[in-house]
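Asks:
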Amino acid sequence: MTTEIAAPRSPHLSHRRRFNIEKWGWIYMRVSGVLLIVLISGHLFVNLLTGEGVRAIDWAFVAGKWADPFWIVWDALLLWLALIHGANGMRTLINDYASGRFRTVLLIALGAATAVLLILGTLVLTFFDPCPTGAPAELLPDFCSTL
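Just so we're aligned: 100 in UniProt numbering is position 100 of the sequence shown, and the numbers increase by one with no gaps anywhere.
1) Evaluate the contact criterion for the segment 44 to 62 versus the segment 87 to 102: three or more CB pairs, one atom per stretch, below 8 Å.
2) How should residue 68 be labelled, buried or exposed, when 16 other C-beta atoms within 10 angstroms of its C-beta is the threshold for buried?
3) Could you give the DSSP three-state label for residue 136: helix, strand or coil?
4) Buried or exposed: which applies to residue 96, given that a residue is buried once 16 or more other Cβ atoms fall within 10 Å of its Cβ?
5) Decide if the segment 62 to 79 is in contact with the segment 122 to 136; the criterion is three or more beta carbon pairs, one per stretch, under 8 Å apart.
6) Alpha carbon to alpha carbon, what distance is there between residue 63 and residue 129?
7) In this structure, how does DSSP classify residue 96 when only helix, strand and coil are distinguished?
8) Please report the distance separating the alpha-carbon of residue 161 from that of residue 33.
9) Is DSSP giving residue 57 helix, strand or coil here?
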């Protein structure tokens, strides 16, 4: 037995399309996940497998690495993609398990924490000075004497 619709639906679709944050969040998670695999693999290879491994990581190692703009961009991409990827995952969990005012408070706290960490991390990457003026020469990396 079928029921007839009194007023059939319009055959025309609405031309107004909304921005779907869930769809774009889903796409972002997949794309950033693939990029993060590449970035993290490169990061681990350079920092742990080449040279002396983890024992070689100190101020001079980081200063030497960040003296090259390539590694600054690499680490900035890693920072931004990883933080936003993690924040988007947390946003999904908050939306699934929290409700009402508590959900709103958690989302605001998540957004604030993400923004603060992104700003601080970007400031460190942008303004890091491997050869600070006035520092004792014996504490500076070797390449500072050539600059």
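Ideal placement from N, C-alpha and C gives every residue a C-beta, glycine not left out.
Replies: On the basis of the supplied data:
1) When C-beta atoms of the segment 44 to 62 are compared with those of the segment 87 to 102, fewer than three pairs fall below 8 Å, so the two segments do not count as touching.
2) For the purposes of this step, residue 68 is taken as residue 68 along the sequence shown, with counting starting at 1. Exposed: under 16 other Cβ atoms inside 10 Å.
3) Here the question's residue 136 lines up with position 136 in the sequence shown. Three-state result, residue 136: coil.
4) Walking along the sequence shown from the start, residue 96 turns up at place 96. Its Cβ having fewer than 16 others within 10 Å, residue 96 is exposed.
5) yes
6) Position 129 of the sequence shown, counted from the first residue, corresponds to residue 129. Position 63 of the sequence shown, counted from the first residue, corresponds to residue 63. Roughly 8 Å separates the two Cα atoms.
7) Counted from its first residue, the sequence shown places residue 96 at position 96. Correct three-state label for residue 96: helix.
8) As shown, the chain starts at 1 and ends at 147. That puts residue 161 outside it, with no answer to give.
9) Here residue 57 refers to the residue found at position 57 when the sequence shown is read from its first residue. DSSP places residue 57 in coil when its eight states are reduced to three.
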